[in-house]
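2 protein chains.
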Amino acid sequence: MEIFFSRDIDGGICRLDQDESGHCIKVLRHRCMDEISIIDGSGTLHRCRIISDSHKGVEAEILESVPDWGGHPYRLHMAVCPTKNNDRYEWFAEKACEMGFDELTPVIGEHSERKVLKTQRVEKILVSASKQSLKAAVPAVNEPVSVKEFIRLHSGENDPETLKLMAYCFEDEKAPRRSIKEVLEGFEGKDIIIMIGPEGDFSRQEAEAALEAGFIPVHLGPSRLRTETAAVTAVSAVYFRYL
Amino acid sequence: MEIFFSRDIDGGICRLDQDESGHCIKVLRHRCMDEISIIDGSGTLHRCRIISDSHKGVEAEILESVPDWGGHPYRLHMAVCPTKNNDRYEWFAEKACEMGFDELTPVIGEHSERKVLKTQRVEKILVSASKQSLKAAVPAVNEPVSVKEFIRLHSGENDPETLKLMAYCFEDEKAPRRSIKEVLEGFEGKDIIIMIGPEGDFSRQEAEAALEAGFIPVHLGPSRLRTETAAVTAVSAVYFRYL
Chain A
56 MEIFFSRDID
66 GGICRLDQDE
76 SGHCIKVLRH
86 RCMDEISIID
96 GSGTLHRCRI
106 ISDSHKGVEA
116 EILESVPDWG
126 GHPYRLHMAV
136 CPTKNNDRYE
146 WFAEKACEMG
156 FDELTPVIGE
166 HSERKVLKTQ
176 RVEKILVSAS
186 KQSLKAAVPA
196 VNEPVSVKEF
206 IRLHSGENDP
216 ETLKLMAYCF
226 EDEKAPRRSI
236 KEVLEGFEGK
246 DIIIMIGPEG
256 DFSRQEAEAA
266 LEAGFIPVHL
276 GPSRLRTETA
286 AVTAVSAVYF
296 RYL
Chain B
56 MEIFFSRDID
66 GGICRLDQDE
76 SGHCIKVLRH
86 RCMDEISIID
96 GSGTLHRCRI
106 ISDSHKGVEA
116 EILESVPDWG
126 GHPYRLHMAV
136 CPTKNNDRYE
146 WFAEKACEMG
156 FDELTPVIGE
166 HSERKVLKTQ
176 RVEKILVSAS
186 KQSLKAAVPA
196 VNEPVSVKEF
206 IRLHSGENDP
216 ETLKLMAYCF
226 EDEKAPRRSI
236 KEVLEGFEGK
246 DIIIMIGPEG
256 DFSRQEAEAA
266 LEAGFIPVHL
276 GPSRLRTETA
286 AVTAVSAVYF
296 RYL
């Protein structure tokens, strides 16, 4: 099934941007009256008929709309520190999207070697992975913020119904870490935030700030995982929790 | 912690090959009497003292040996069809190794586009991922075999105590697929084989041969996952089952 992506949907008409139009008309050689499927990035799949086959701007009328197409029974926000190697971050984003998540915030920790992340490439990868894995909702990508700012934004009062987890490696007597599997199994809601630290781990101060804001310290089992592997493994823990 | 790899261990002496020796002496500038850690690839970590610091062939005497270093409480054999793009296969191997698995067989299905896989690169990646994730056992990599040959080798009589799973996408009324999570939770043993098909899925004949040989058809949840994502997700299902 060929799936296109458009956010330009209005009055029963979907318009594809230049990239998508070129792919639709030049590569796949679609013409007027052909039927195509278009995801809106927010969860709905539109089955459409092409009414204008310009390779610069395809227009298609909506025949049928399918809400919550390829959706999942939880809402997962991943806050993941950028990895030194950008490919690894993009790999995580793609794999997490295939399983199913909803929002990504690149967070910059005190021990982060990489302090910047261009979100545009990740957004493209998420659109592509959503199409590939048959999901009409494309995860949102936020601009990077510091770990402490992220914690502040998600302090107790702001997210009363949300399970907030922070995965770090060090042991802390004051707040022993629990297994992510056990914590997820004991949670009855569906809104989850998981923070994954940089190669150098979270700082003690960041961990303390998170604890105060209601984050639960978790571990992902006995293996030492790279940042991107930890992030994908955490997503799979949530994915299997709701299976 | 610096970790080296050697299979040349005998009479209390570990010898590093030329690559590892160069890294040890030229890059890390170790000299005689320095202490280093060496994994044997079979599960044991040796803490050693360098007694010959040639950059072509380091020799080190064993001070202490730690068996089952970084081990896991299951034995997992992944039989995964090569992906069209080799990088994706190597990503899977690295991530699976970080979580923990024991043996990899590249299997060639009737619908496989890629019919060959050079195992040497994957072996190198597994050595590197084992060191990085602090495991002394490096997963074994077998030469590629056809799916049908793999099934024959692991037919009922040959593996009576092993849980054998086959993940495919199509629905089959004769053998409805169960969730991998549910099947794993009902299994009390520790030997597991999981077969993951190619981009074009297993053929019906392959699935039938697997059923006859005692493989259980499973699904990995509602998401459509790429081959390498399915393989990593299956490893994480096992990893979390034994957590």
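One line per chain: the protein sequences are A and B, in this order.
If you're matching positions, the first sequence starts at 56 in the numbering used here and goes up one per residue.
If you're matching positions, the second sequence starts at 56 in the numbering used here and goes up one per residue.
All C-beta atoms, glycine included, are put in the ideal place defined by N, C-alpha and C.
Kindly indicate if chain A contains any beta-carbon less than 8 Å away from that of residue i.
i, result
"B:V287", "yes"
"B:A292", "yes"
"B:T284", "yes"
Chain B partners of residue i, CB-CB under 8 Å?
i, result
"A:L280", "E153, M154, S188"
"A:F295", "K236, G276, S291, A292, F295"
Kindly list, in the order they appear in chain A, the residues whose Cβ is closer than 9 Å to that of residue i.
i, result
"B:G328", "In the structure displayed, chain B extends from 56 to 298; residue 328 of chain B sits before or after that span and is not available."
What residues in its chain sit with their C-beta under 6 Å from that of residue i, if we drop five residues either side in the sequence?
i, result
"A:I25", "Nothing in the structure corresponds to residue 25 of chain A, since chain A is present only between 56 and 298."
"A:P161", "P137, L172, P199"
"B:A265", "I206, M221"
"A:I93", "F59, S61, C69, H101, C103"
"B:E123", "For the record, residue 123 of chain B in the displayed sequence is Asp; it is not Glu. If we look at B:D123 and ignore the five residues flanking it on each side, its Cβ neighbours are G98."
"B:E168", "K139"
"B:N141", "none"
"A:V193", "G96, L181, V182, S185"
What does DSSP give as the partner residue(s) for residue i in the beta ladder?
i, result
"A:I248", "A:H132, A:K219"
"B:L159", "B:M133, B:V196"
"B:V273", "B:A222, B:R233"
"B:E119", "B:R102"
"A:S53", "The requested residue 53 of chain A does not occur in the structure, where chain A is confined to residues 56 to 298."
"B:E90", "B:R104"
"A:G164", "Answer is none; A:G164 lacks a bridge partner."
"A:G96", "A:A192"
"A:E114", "A:R70, A:S107"
"A:S61", "DSSP, once it has assigned bridges, lists no residue as partnering A:S61."
"B:S201", "B:I163"
Can you name, in chain order, every residue of its own chain whose Cβ lies under 8 Å from the Cβ of residue i, other than the five neighbours on each side?
i, result
"B:V280", "Checking the sequence, you will find Leu at residue 280 of chain B rather than Val. Same-chain partners within the cutoff: T288."
"A:I271", "L218, K219, L220, M221, R233, V238"
"B:E75", "F59, F60, S61, V113"
"A:Y294", "H127, M154, G155"
"B:D214", "D246, I248, G269"
"B:E145", "R176, V177, I180"
"A:K111", "Q73, S76, G77"
Using a Cβ-Cβ cut-off of 8 Å, state whether residue i counts as contacting chain B.
i, result
"A:W124", "no"
"A:L298", "yes"
So, at 7 Å on beta carbons, what are the nonlocal neighbours of residue i in its own chain, with the 5 sequence-adjacent residues on each side left out?
i, result
"A:D256", "H166, Y223, C224, F225"
"A:C152", "L181, A184, S185, S188, P194"
Residues in the segment 150 to 178 of chain B having any Cβ partner in chain A nearer than 8 Å | K150, E153, M154, G155
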